[in-house]
Each structure stands twice: as C-alpha cells, then as structure tokens.
Amino acid sequence: MTTVVISPPRMADAERAAEAIAVEGVSEILVYGSVGRGEAGPDSDIDLVAIHDDLDYSTRRERSDDLKELARTVVAHRVSVYVTDWPEWTHRATRVSTSLEYAIAADAVTLYHREPNGVRWGKEIGMPTTNEAEAADRLANALRALFGLQSQLRMSVSERSALEDRDPGYYLFAMRDRMCTSCAHAHMAMETSLKALIHLGGIRPARTHDLHKLLGALPAAQRDHLRGMFVELSPEQASGWREAGAYEYADWSLDFLVPHTYHMARCGIAVSCYVADRLRHSEPARLIQKVAVEVGCRLHEWDLTAHDPYDIVGQPPPPEPPGVVTA
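Just so you know, my numbering puts 71 at position 70 of the sequence shown, and the rest follows in order with no gaps.
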C-alpha cells in the first residue's frame, strides 16, 4: 500500500497565493500564522490578509470567498483570506490591543505591496474601534447563545409530534437532543462571556473552548468569584459541550441530562450576567439581562426535587407504541 505524504505549506505557496489575489483594489497582502513563522505542519492553512484601498464592509464575506477561490487555483493547500482596508487595519492593528489585527501585525510578513490609492481615512470603520467595543461584540455572541438556550427549555414540536404519533423512540431522541443542545448553548454563553471579560481587560483571549483556561487569563479576584458560580459542576465538566452537544448525546441517560441541563443553564445565566454588568452601557448587556430573566422563569418551572426526569421538566413520559395495551 502506498503512503501519501502531504507536505506542509511553504512560503513559496503563500507567495503564489498572494500573486493570485493581488487584484484591483488590493494594495497589500500579508501572510501570518504558522506559514509566516516557518512552523507550518501538514494540516496548516495559509493565512493571508488582503488590505484594500477601500472596502464596502457589507461585502466582506463575499470578497473573502472570492479571493480564497482565486488562491485555490494556484495552491493545493487550504487558504484563509482575512479582508480589511487601510483605515480599519491601521486603527485596529495599532490601537485595539485585543484585536486580531493587533495580534497579526506582530509576526506578519508582507508578500505584496503597491502604493495605496483612494483611501478614505476618515470613514467609519466596520469593526470595533476599542477594546471595550471588542468585548461588547463578544458579549453579543453570549446573547445569541442565551436566546438559543431560552428556546430549548420547553417541550419541542418534535416531542409533541412523537406523543401524538405514540412513537417513544422519537420522543426520547428529541428530548435528549433538546437537553444536549441546551447545554451546548449554555457553554457557548459562558465561553463568549469570559472572552468578552478578557477583552475588557486589554488581553486577546486564547482560541479555546476550555473554560478553565479562559478563567486562568483573568485576575485572581475575578477568577475566584466566577468559579464560585459553578454550582453542581466544575468549569472542566462544563467545557466539553461545544462538541458533546453535537455528537455524543445519543447514549446519555435523561436521568443525567435533565439535572445537568438545569445546572448548565443556571451557570450560563450567572456568568453572562456578571460580565454584562461590567459592560452595562452596551446594548448586548442590556438585552442579556432581559433574556436571563426569561430563562430563569423557565427554569423555575422545573422541579429538581422530583426523581423522574419527566417530572422534573413537567412533561409526560414516553408514550406506549401503537398496539400496546397498558394494564
């Protein structure tokens, strides 16, 4: 059997990709990350920045996709293209210490440059312009996670349909899925809230879903206070739900999942509200306080003193399948 060895991307690959995306409107292209540092492995991407003279920020994603397609025509490796323009890049790379641009600028290598033409230096840039605004942007992700959590804390349409159809297998699957999705949303609320708090402290958070590591980046007083919010579960136990919520729920018992969901949701509310209080003048913080009350009201309907998971959430047990006669 022949073994295919995939070679890591090299600087020469990045240079070919840069040449391909040096289209009209792009005046500088940088490479950063493992290729820029000469540390690329077989699974590494080629990470590029394409700085435009002027960019319509509403087309940023489309523009990035177009440039990635051009790069893929000349290199076999995965290529990521971060799209920005001179006003945005210059401000965020020098004044927003928690931004991606600031981190990139430390080790980026210039692959292509021409003199900029038609730069509108006084324009309103698209990305946050301060560390506090960067933190509020992360907190908006926590808000979306809490909205997702709120929608999962009552019986779903699928569960009601399974009851009507007397399909116990579908009913159990749908309920397990809802509990696990709730835990994943709660984890995301905690993760993005902690990252917002780290941004607020002037530090760029690590690219991790590990709550223990994120807590470790905070000052001792904040870290200890937040750890006290993890009741009935630890940050380490809460950290696995980014993947577990998508892949691992099928075999888990509702006897475990239901109370665990309750504790995850409670902790998600507590951590998000703590951070929101430190960004209280931002719109995401205001809305988090509102949705947290709504999530809390739904959890208040659960009875943790009950022993049966269906009694805890206040819904019927699985139906008997058609043809089964109960005594």
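Cβ atoms here follow ideal geometry from the backbone N, Cα and C, with glycine treated the same way.
Let's see if you can read the secondary structure: which residues bound the beta strand (DSSP E) around E29?
From DSSP, the beta strand (DSSP E) with E29 extends over 27-33.
Are Y172 and P319 close, meaning C-beta to C-beta below 8 Å?
Yes, Cβ-Cβ distance for Y172 and P319 is below 8 Å.
According to DSSP, what are the bridge partners of A51?
Answer is I30, V84, bridged to A51.
Taking buried to mean at least 16 other C-beta atoms within 10 Å of its own C-beta, is W87 buried or exposed?
Flag for W87 reads buried.
Is the stretch 269-282 in contact with the stretch 226-239, if contact means three or more CB pairs nearer than 8 Å?
As far as the Cβ criterion goes, the stretch 269-282 touches the stretch 226-239, which means the pair count is three or higher.
Cα separation between K69 and T262?
Cα-Cα distance, rounded: 40 Å.
Thinking C-alpha only, which one of V24, F148, I52 is nearest S183?
It is F148.
Buried or exposed for K196, going by 16 or more other Cβ atoms inside 10 Å?
Buried.
How is V276 classed by DSSP in three states: helix, strand or coil?
Of the three classes helix, strand and coil, the one that applies to V276 here is helix, per DSSP.
Taking the continuous beta strand (DSSP E) assigned at L112, which residues delimit it?
L112 -> beta strand (DSSP E) spans 110-114.
Quick one: what does DSSP say D44 is sitting in, helix, strand or coil?
Coil at D44, not helix or strand.
Can you list, in chain order, the residues of its chain whose CB lies under 6 Å from that of D46, leaving out five sequence neighbours each side?
So the list reads R79, S81, once near-sequence residues are dropped.
Between A134, V50, R139, D166, which lies nearest to P322 when the distance is taken from Cα to Cα?
Measuring from the Cα of P322, the nearest candidate turns out to be D166.
Would you call the stretch 47-55 in contact with the stretch 7-20, where contact means no fewer than 3 C-beta pairs closer than 8 Å?
Yes, they touch.
Tell me the DSSP secondary structure of A77 in three-state form.
If DSSP states are grouped into helix, strand and coil, A77 belongs with coil.
Tell me whether S100 is buried or exposed, calling it buried when 16 or more other Cβ atoms sit within 10 Å of its Cβ.
Flag for S100 reads buried.
Alpha carbons only, please: which of L164, D14, I30 is nearest the one belonging to G39?
Comparing Cα positions, the closest option is D14.
Just to confirm, is the Cβ distance from P117 to D54 under 8 Å?
Closer than 8 Å, so yes.
What does a CB cutoff of less than 7 Å around M2 pick up in its chain, not counting 5 residues either side in sequence?
Caution is warranted here: a pLDDT of 45 is assigned to M2, below 50, making its placement in the model unreliable, and the coordinate value is therefore given only provisionally. Contacts found: none.
Quick one: complete alpha helix (DSSP H) runs, 4+ long, within the stretch 208-239?
The stretch 208-239 contains these whole alpha helix (DSSP H) runs: 212-217, 221-228, 236-239.
With distances taken from CA atoms, which of S159, W253, A146 is nearest V296?
For V296, the nearest C-alpha among the options comes from A146.
To the nearest angstrom, how far is it from the Cα of S159 to the Cα of I204?
If you take the alpha carbons of S159 and I204, they lie about 43 Å apart.
Determine the direct distance from the alpha carbon of E284 to that of N142, and round the result to whole angstroms.
Rounded to the nearest angstrom, the two C-alpha atoms are 12 Å apart.
From T91 to I30, what does the alpha carbon distance come to, in whole angstroms?
Distance between the alpha carbons of T91 and I30: 14 Å.
Counting C-beta neighbours from all protein chains within 10 Å, is the total for V305 16 or more, i.e. buried, or is it exposed?
Per the sequence presented here, residue 305 reads as Leu, with Val not at that position. The residue in question, L305, is exposed, as its Cβ has fewer than 16 Cβ neighbours within 10 Å.
R167 by DSSP, collapsed to three states: which one?
Note: R167 maps to coil in three-state DSSP.
Starting from H301, trace the alpha helix (DSSP H) in both directions and tell me its first and last residue.
284-301 is the span of the alpha helix (DSSP H), which, as asked, contains H301.
Measure the C-alpha to C-alpha separation of S59 and C268 and round it to an integer number of angstroms.
Whole-angstrom Cα-Cα distance: 35 Å.
Please say whether H200 and S240 have beta carbons closer to each other than 8 Å?
The answer is no: Cβ separation not under 8 Å.
Just verifying my parser: in three-state terms, what is the DSSP assignment at V36?
DSSP places V36 in helix when its eight states are reduced to three.
In its own chain, which residues sit with a C-beta less than 8 Å from the C-beta of G315, not counting the 5 before and 5 after it?
These residues qualify, in order along the chain: E302, W303, D304.
Does the distance from the CB of S157 to the CB of N132 come in under 8 Å?
No. Outside cutoff.
Between the C-alpha atoms of A187 and L150, what's the straight-line distance to the nearest angstrom?
About 6 Å.
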